[in-house]
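J.: The numbering of the sequence shown is full-length UniProt numbering, which starts it at 1 and goes up by one. The structure follows.
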Amino acid sequence: NGALSVLRGDPTTKYLAKMGIDSLLQHLDEVPEAQRSTIRNAGGGYVNHDFFFKSLSPEGGGEPSGSLAEALKRDFGEYSLFQRLFTAACLEVFGSGWAWLIWDSSDKKLRISTTANQDTPASKPGIVPVLGLDVWEHAYYLKHQSNRKGYVEDFWKVVAWDEVGRRLEGATTGDTAAGKAEL
1 NGALSVLRGD PTTKYLAKMG IDSLLQHLDE VPEAQRSTIR NAGGGYVNHD
51 FFFKSLSPEG GGEPSGSLAE ALKRDFGEYS LFQRLFTAAC LEVFGSGWAW
101 LIWDSSDKKL RISTTANQDT PASKPGIVPV LGLDVWEHAY YLKHQSNRKG
151 YVEDFWKVVA WDEVGRRLEG ATTGDTAAGK AEL
């Protein structure tokens, strides 16, 4: 994209253009102001969508198992409460945005968060997204029209819990490649 070309062409920012998009998003403060918004929006959108689609499977759904199930129970009390809280977060996003299950390495807990537009929790050091849901209207309008709740209910039927569990394991063991976007 044009913003990366500008970074590549400047000896003082060339190192930024060589970073993976996940790392670049964590170094936005080093990106020149003229390219920062483009990289945040285009890069965040790419990372979020790549992450989202890898979270889905026609064989998905049901409930998580193993260490993911244990972590959800520890941090939310039970899976059904986590599911209700995550659904509520999805429905509370005003306009366009995302709902996330994140691993916060500062206190080693799972948390639910939301971001607006193409912002991504992957841009925050110490925060590792493990599950994300696109709640932009374009994600659900063709099937659900303005029924975001129906979209979220259908989402639970296709969550690839094995992938979410792999991401959590990577986050808790320091495997920085787990869940990263691929260019």
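Glycine included, C-beta positions come from ideal geometry on N, C-alpha and C.
Less than 9 Å between the beta carbons of L25 and A17, yes or no?
T.: No; because the gap between Cβ atoms is not below 9 Å, this pair is not in contact.
J.: For P125 and S113, which I take to be in contact (beta-carbon distance under 8 Å), what is that distance rounded to the nearest angstrom?
T.: About 15 Å; that fails the 8 Å criterion.
J.: Extract the residue ranges of the alpha helix (DSSP H) inside the region 114-159, only unbroken runs of 4 or more that lie entirely within it.
T.: Qualifying alpha helix (DSSP H) stretches, in chain order: 141-144, 148-155.
J.: Three Cβ pairs or more, each shorter than 8 Å: is that satisfied between the region 131-149 and the region 95-103?
T.: With the cut-off at 8 Å, the region 131-149 and the region 95-103 touch.
J.: Short of 8 Å in beta carbon distance, which residues of its chain neighbour E92, apart from the five on each side in sequence? Order them along the chain.
T.: Cβ neighbours of E92 beyond the five flanking positions: T114.
J.: Whole angstroms are fine: how far does the CA of Q118 sit from the CA of T38?
T.: Taking the straight line joining both Cα atoms gives about 11 Å.
J.: For L4, collect the residues of the same chain with a Cβ closer than 7 Å to its Cβ; drop the 5 residues on either side in sequence, then sort them by chain order.
T.: Closer than 7 Å at Cβ, skipping near neighbours: A17.
J.: Name the DSSP beta bridge partners of D104, please?
T.: Bridge partners of D104: K109, I127.
J.: Touch check for the region 153-161 and the region 53-68: three-plus C-beta pairs under 8 Å?
T.: As far as the Cβ criterion goes, the region 153-161 touches the region 53-68, which means the pair count is three or higher.
J.: Since I21 is in the alpha helix (DSSP H), which residue starts that stretch and which ends it?
T.: Per DSSP, I21 belongs to the alpha helix (DSSP H) from 21-26.
J.: Got a sec: is the Cβ-Cβ distance from W136 to anything in chain D below 9 Å?
T.: Absent from the structure: chain D. Only one protein chain is present.
J.: Excluding the 5 residues flanking T87 on each side, which residues of the same chain have their C-beta closer than 7 Å to its C-beta?
T.: Answer for T87: V152, listed in chain order.
J.: Taking the straight line between their C-alpha atoms, what separation do you get for A69 and L81?
T.: Taking the straight line from one Cα to the other gives about 12 Å.
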